[in-house]
Amino acid sequence: MRERTSGRTVGGFRNLFLQGPAVTLLLLWMLVPLGMTLWFSFQRYNLINPMISGFAGWDNYTYLLTDPALWTAMGNTLLLVGWVLAISVIGGTLLAVLFQQEFFGRGIARLLVIAPFFVMPTVGALVWKNMLMHPVNGVFAWLSQLLGLPVIDWFSSMPLASIIIIVSWQWMPFALLILLTAIQSLDDDQVEAARMDGAGPLAIFWFITLPHLKRAISVVIMIEMIFLLTIFAEIFVTTSGGPGLASTNLAYFIYIRALLDFDVGGASAGGVIAIILANIVAIFLIRTVAKNLET
Amino acid sequence: MATLQLNDIVKDFGGTQVIKGVDLEVKDREFVVFVGPSGCGKSTLMRMIAGLESTTSGEISIDGERINEVGPADRGLAMVFQSYALYPHMTVEDNMGFSLRLAKVKKAERREKVLAAARILQLEPLLDRKPRALSGGQRQRVAIGRAIVRNPSIFLFDEPLSNLDAALRVQMRIELARLHEELDATMIYVTHDQIEAMTMADKIVVLQDGLVEQIGSPMELYHHPCNRFVAGFIGSPKMNFLDVEVREASGEGINVALPGGDCRVPVDGSGVSAGDTLTLGIRPEHLKLDDAGPLTGKIVVIERLGGVTSLYLEHGDSEWILVADGDVAHRVHDQVRFSFDPTCGHLFKCDGEALSHLHRHPLVDIDRKQNRVSSPSDGQ
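So the protein sequences, as listed, match chains A and B. Residues in the first sequence are numbered from 64 upward in steps of one, following my numbering. Residues in the second sequence are numbered from 26 upward in steps of one, following my numbering.
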């Protein structure tokens, strides 16, 4: 127990008592599902055959880790997260610079460009599937026909790339929103000082705007990563993880295990692996991001 | 070597004229101060000189060459901003060397130039710091250093001291005056603070509503303001004004009626006739307590500054400010009589224009350099 200069004690029983309810609720919220997942991951538990039961030991894990499908799913997850992050952050930054400029109808244009973020993932994915990327009815097919190019069947010839495009479309507005507000806080005097120093538009972007946005970009990466690791709806309504496993990420892989193969034990083991993967990524990422946030 | 000419400069912001035709000539190595109340257009005028604002009409030229269409970087000017506008993610050294880096100057040469500027401003120990680790005064010096490194033909200062505390402001004021002497460069300085203007300027430009009211040396503005606005703006506390009736006027002076008897002000009274109403202006420091004085007033507020005391007086609906010495024993609500030396009085016509004094003040044409030769310890 420490005492502040004001004479108030810090820590001790009273503080514990005050923090108790909130902390307990949070712990239950987090620990119960985590505990159950861990518990199931060591059980033989199949939804269509109640006879299969009992303690499984490490069987679920060895079975899963020797399954090449898991590694495909993991690779897809990293590819999906990496590409969407790259596209949305780079695109978002450039769009933020663009939408910072004065032009006629800027308010409406800003609203429109942010709109995709407010569309439900399932709806957005369906629109892309049936109206844009459809090889017969889609706008893209119509466009490439107009130009005399071969029609691409997006979801069968490049399934993961299609998912990446859809998810980027959804998340770029988020990056734009955060970066646009950040760019607005850039001191005009700094830009003018740079102009007096002889900086052209590119130099101003590189030496003034980008360093100013560093912190906001870190925040965007951190938040997006948390959500992108668990992308599910877009895959579910478009490719269903296929063809084969070409667009299956870890979340979808666990879904296949649990609700298509009815193997709750194996799916739980997959869940635990997903938690570990998320933590590994998070440790690296949050460390660099936290360093950015300090300076 | 740099001179600057402004020729009938106009700035129009979507229909509102902010600068309404300004003519100005800045001589080489001159320290020119633009001063005026906020919103008078002084900052806009400076930004137009810097090239950060376009010019609606008129001509800006440096050394006789028109630069209206030249970009801000190529005019050879450097500007110090009110907010300092340091680049927060760069060290002091990188901040100062940024313009050289953009000009693709080699690293060794860059460092040499930055060090030279840092030496002038005593910034050497701070070169590796980021701006947020500096105090206000240090940031200000870095901003000035960034300007020095560019070796500009003209320095522009946009209210550089207004974010500093009072003590630091006095110190930086002296430092800037010293810097002007050391660099021997042309400098243009914008401020709303008339003390900064009076202490540093070779030439003051008083602006109001986008128009130049008067251009002149500090002493000229103080002793011979050309109109009522300049008279009220220069000098602190403000000049006292009183409407008076003319008794008799001629080329040798004007007799005006005061409550306690007439007084003769030595101004050119041609064109003025008896019975006209003029405005008499007397600076607070030229009023003195005098039991036989022609004016009376009741003390409303007393401000004791130690060395001097400001008395705020009331008489009927006229209000007076009187600066007396520090030992005045009067209390609030005392009735006092006071007088003034009529040669220090100013008379203004009803349109605000001053009637010119018959005698020029001897210090009017002194410039700051001569000032320093005779009394080097004091910049004020």
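No residue lacks a Cβ here, since even glycine has one placed at the ideal position from N, Cα and C. Only a predicted model underlies this, so the values are computations on that prediction, with no experimental measurement involved.
- The C-beta of B:Glu55 has 16 or more other C-beta atoms within 10 Å across all chains shown, which makes the residue buried.
- Rounded to the nearest whole angstrom, the C-alpha separation of B:Glu90 and B:Ile213 is 18 angstroms.
- Of the residues assessed, A:Leu157 falls on the exposed side of the cut-off, its CB having fewer than 16 other CB atoms within 10 angstroms.
- Taking the C-beta atoms as reference points, B:Ala27 is found nearer than 7 angstroms to B:Ser178.
- Secondary structure of A:Thr156 (DSSP, three-state): helix.
- In the assembly as shown, B:Glu277 is an exposed residue. Its beta-carbon has fewer than 16 other beta-carbons within 10 Å.
- Sequence-distant Cβ neighbours of B:Arg308 in its own chain, meaning closer than 6 angstroms and more than five residues away, are Gly260, Met264.
- Only those residues of the region 252-271 of chain A whose C-beta falls short of 9 angstroms from the nearest C-beta of chain B are listed: Asp252, Gln253, Val254, Glu255, Ala256, Ala257, Arg258, Met259, Asp260, Gly261, Ala262, Gly263, Ala266, Phe270, Ile271.
- Relative to A:Trp191, the option among A:Ile229, A:Ala159, A:Trp134 whose CA is nearest is A:Ile229.
- Checking the DSSP bridge columns, you'll see A:His275 has no partner listed.
- Distance from the CA of B:Gln107 to the CA of B:Ile279, rounded to the nearest whole angstrom, comes to 46 angstroms.
- Within the DSSP bridge table, the entry for B:Arg329 names B:Thr334 as partners.
- A distance of 7 angstroms or more separates the beta carbons of B:Ala110 and A:Ala245.
- About 21 angstroms separates the beta carbons of B:Val281 and B:Leu314, which is beyond the 8 angstroms limit, so they are not a contact pair.
- Secondary structure note for B:Asp350: its beta strand (DSSP E) is the uninterrupted segment 343-350.
- Around the C-beta of A:Gln82, fewer than 16 other C-beta atoms lie within 10 Å, and the residue is accordingly described as exposed.
- By the C-beta criterion, the region 331-342 of chain B is judged not to be in contact with the region 290-306 of chain B, since fewer than 3 inter-stretch pairs fall below 8 angstroms.
- The region 75-87 of chain B and the region 184-197 of chain B do not touch, with fewer than three beta-carbon pairs separated by less than 8 angstroms.
- Flagged as an interface residue toward chain B: A:Pro274, by a C-beta distance shorter than 7 angstroms.
- A:Leu143 and A:Asn312 do touch by the CB rule: their CB atoms are close to 6 angstroms apart, below 8 angstroms.
- Using a Cβ-Cβ cut-off of 7 angstroms, B:His217 does not count as an interface residue toward chain A, since no Cβ of chain A sits closer than that to its own.
- Secondary structure of B:Glu90 (DSSP, three-state): strand.
- In the structure shown, B:Glu245 falls within a helical segment according to DSSP collapsed to helix, strand and coil.
- Each residue's CA atom was taken as its position, placing A:Leu273 and A:Gly263 some 14 angstroms apart.
- Taking 8 angstroms as the upper bound for CB-CB distance, B:Val51 and B:Gly83 are not in contact here, some 15 angstroms apart.
- In the DSSP secondary-structure assignment, B:Met212 is bridged to B:Phe56, B:Phe180.
- With contacts defined by Cβ atoms closer than 7 angstroms, B:Phe59 and B:Val230 form a contacting pair.
- For A:Ala149, the three-state secondary structure derived from DSSP is helix.
- The beta carbon of B:Leu152 does not come within 7 angstroms of any beta carbon belonging to chain A, so the residue lies off that interface.
- Note that the region 319-330 of chain A touches the region 118-127 of chain A; at least 3 beta-carbon pairs, one per stretch, sit closer than 8 angstroms.
- Listed in chain order, the non-local C-beta contacts of A:Ile150 below 6 angstroms within the same chain comprise Ser231, local neighbours out to five positions each way being set aside.
- B:Val117 places its beta carbon less than 7 angstroms from that of B:Val167.
- Listed along the chain, the chain A residues whose CB falls inside 7 angstroms of the CB of B:His114 are Pro274.
- In the structure shown, B:Phe106 falls within a coil segment according to DSSP collapsed to helix, strand and coil.
- Leaving aside the five residues that flank B:Val43 on each side, the residues in its chain whose CB is nearer than 6 angstroms to its CB run, in chain order, Lys36, Gly66, Thr69, Gly235.
- Pairing A:Thr302 with A:Pro222 gives a Cβ-Cβ distance under 7 angstroms.
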